[in-house]
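K.L.:
When you read off a place in the sequence shown, starting at 1, and then add 220, the result is the number in my numbering. Here a beta-carbon is modelled for each residue, glycine too, at the ideal position from N, C-alpha and C. On a predicted model such as this, the values are computed, not experimentally measured, just so you know. Here it is: the structure, laid out below.
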Amino acid sequence: MIYRKTYKVKGEDVNDFMVMQNFAYHSYASSIFKSFLFEKGYSKRKLNASKIDIQEYHRTLTHRKPLMFMQDFFVNMEFVNNADNKKISIKNRFFNTKNELCVTAITQLYWFDFNNQKVIAMPKDILECFLPEPFCPLTRRLQVNS
């Protein structure tokens with residue numbers, strides 16, 4: 221499943237040469253993942269109430285073409301299945317308005333249970349949200365209530 225969001229390169233994202241910096245790519249990658257969870261019904265407040273949170277442990281960038289100041293771009297976020305269900309990978313592809321791939325950012329995450337102070341597998345109801353739409357628990361609830 222691919223989730224897409226559109227952005228514009230802002231002043232705080234660029235260096236003196238008006239090129240988007242690495243930290244900005246990571247920031248957008250984190251932002252789109254949080255937006256995805258929020259749209260699926262998992263706000264920061266709900267995650268905090270569950271005493272679980274997401275921890276990033278590895279990030280990589282592969283550059284192809286720079287994104288420049290004030291340039292519109294979109295990000296395709298894709299869940300990459302891992303054999304280890306305690307760690308997940310999210311692949312974010314940054315494209316310019318000409319649909320040219322500019323950067324690929326891969327973020328590896330794990331879920332942390334604050335009550336037990338340990339890494340846990342991704343909660344099943346959240347994992348299901350990475351499946352096609354009819355399988356997400358929130359989508360099923362909305363279909364039943366309408």
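1) Quick check on the burial criterion: 16 or more other C-beta atoms within 10 angstroms. Buried or exposed for residue 272?
2) If we call anything under 9 angstroms between Cβ atoms a contact, is residue 308 one with residue 329?
3) By a C-beta neighbour count over all protein chains shown, 10 Å radius and 16 as the cutoff for buried, is residue 321 buried or exposed?
4) Let's see if you can read the secondary structure: which residues bound the beta strand (DSSP E) around residue 325?
5) Taking the alpha carbon of residue 287 as the reference point, which residue from 301, 229, 333 has its own alpha carbon closest?
6) If the criterion is Cβ atoms closer than 9 angstroms, does the pair residue 294 and residue 227 meet it?
7) So for residue 235, helix, strand or coil by DSSP?
8) Along the chain, which unbroken stretches of the alpha helix (DSSP H) at least 4 residues long are found entirely within the segment 260–293?
9) Since residue 245 and residue 300 should fall inside the 8 angstroms C-beta cutoff, what is the C-beta to C-beta distance between them, to a whole number of angstroms?
P.N.:
Quick answer:
1) The count along the sequence shown starts at 1 and reaches residue 272 at position 52. Answer is buried; the Cβ neighbour count reaches 16.
2) On the sequence shown, position 88 is the one that residue 308 refers to. On the sequence shown, position 109 is the one that residue 329 refers to. In this structure, residue 329 lies closer than 9 angstroms to residue 308 by Cβ.
3) Here residue 321 corresponds to residue number 101 of the sequence shown, with the count starting at 1. Flag for residue 321 reads exposed.
4) Taking the first residue of the sequence shown as 1, we reach residue 325 at position 105. From DSSP, the beta strand (DSSP E) with residue 325 extends over 321–333.
5) In the sequence shown, residue 287 corresponds to position 67, counting from 1. Taking only the C-alpha atoms, the option nearest residue 287 is 229.
6) Position 74 of the sequence shown, counted from the start, is the residue given in the question as residue 294. Position 7 of the sequence shown, counted from the start, is the residue given in the question as residue 227. Going by C-beta atoms, residue 294 is nearer than 9 angstroms to residue 227.
7) For the purposes of this step, residue 235 is taken as the residue at position 15 of the sequence shown. DSSP places residue 235 in coil when its eight states are reduced to three.
8) 264–269
9) Taking the first residue of the sequence shown as position 1, residue 245 is located at position 25. Taking the first residue of the sequence shown as position 1, residue 300 is located at position 80. Between residue 245 and residue 300 a beta carbon distance of about 17 angstroms is seen, past the 8 angstroms cut, so the two are scored as non-contacting.
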